[in-house]
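A.B. asks: Structure incoming, see below.
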Amino acid sequence: MGFANSANKNCQEAISCFKIVLDLQSTYLLPNDPNIIRTCNNIGTIYRQLDDYDAALETFTQVTEIERKSLPMNSFEYTKTLNNIEFIYCHKEKLTNALHNFEKALEIQLTFTNIQPEEIAVTYNNIASIYLRQNKYDLTFVNAKKILEHCPRVHKLLE
């Protein structure tokens with residue numbers, strides 16, 4: 133029901149549904165169960181859709197606490213949560229915090245052998261956009277070149 137309400141733009145109702153699910157999960161599942169992580173991420177995403185960045189940040193921060201206890205710090209799921217937090221920081225104009233998390237996510241992504249190069253390119257793009265907003269053009273350019281290194285198909289289209 134949470135997804136249905138979210139799709140129909142009934143975001144408050146979706147949050148209520150997901151919170152009911154979270155209460156049930158918290159009662160019957162272990163505190164670090166992946167289902168709890170997914171439900172919290174869903175709640176945070178809806179808060180972000182509502183532009184309630186403080187509530188979204190609080191929710192995503194709770195997710196990282198659960199993930200720190202249950203997942204290796206180089207897990208792909210952890211990088212997804214970091215990306216969610218980074219976007220909140222960008223919206224709140226906390227660019228230094230966003231940049232720190234983007235770089236942390238990139239460091240983790242670069243350790244994966246099975247990650248799609250496009251995903252790494254997206255992270256480099258996000259880092260470049262932060263530097264651009266900070267008027268650090270040399271660092272923007274360095275990261276933009278990294279995008280091309282990780283997505284040569286895109287580079288060929290630019291020729």
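Following our numbering, the numbering of the sequence shown begins with 133 at its first residue and continues without gaps.
Glycine residues also receive a C-beta, built at the ideal position from the N, C-alpha and C atoms.
1) Is it a yes or a no for the stretch 189-198 touching the stretch 150-162, going by three-plus beta-carbon pairs under 8 Å?
2) Can you grab the Cα-Cα spacing for the pair F234 / I169, in whole Å?
3) So the candidates are I198, T211, Q181; which of them puts its Cα closest to the Cα of N167?
4) Taking 8 Å as the cut-off, decide whether the C-beta atoms of C143 and I178 are in contact.
5) In this structure, how does DSSP classify S158 when only helix, strand and coil are distinguished?
6) What did DSSP end up calling E239 once you bin it into helix, strand or coil?
7) State the DSSP-derived secondary structure class of D186, mapped to helix, strand or coil.
8) For N258, which residues from the same chain have a beta carbon less than 6 Å from its beta carbon, with the 5 sequence-adjacent residues on both sides left out?
9) According to DSSP, is L271 helix, strand or coil?
10) Report the option in S148, Q181, E281, Y269 whose CA atom is closest to the CA atom of E251.
11) Pick out whichever of K268, Y256, A146 has its Cα sitting closest to the Cα of N275.
12) So, at 6 Å on beta carbons, what are the nonlocal neighbours of A253 in its own chain, with the 5 sequence-adjacent residues on each side left out?
13) Hey, quick one: how far does the alpha helix (DSSP H) through N167 stretch, first residue to last?
14) Beta carbon of A237, beta carbon of I262: below 8 Å?
15) Pull up the CB-CB distance for V195 and G176, whole angstroms please, since I reckon it's below 8 Å.
C.D. replies: Concretely, from the data shown:
1) Contact between the stretch 189-198 and the stretch 150-162 is absent, because fewer than three Cβ pairs lie under 8 Å.
2) 20 Å
3) Nearest neighbour of N167 by Cα position, chosen from I198, T211, Q181, turns out to be I198.
4) yes
5) helix
6) helix
7) The DSSP-derived three-state label of D186 is helix.
8) Only F234 meet the Cβ criterion.
9) helix
10) The option with the nearest alpha carbon to E251 is E281.
11) Closest by C-alpha distance to N275, out of K268, Y256, A146, is Y256.
12) I279, H282, C283
13) 166-181
14) no
15) 7 Å
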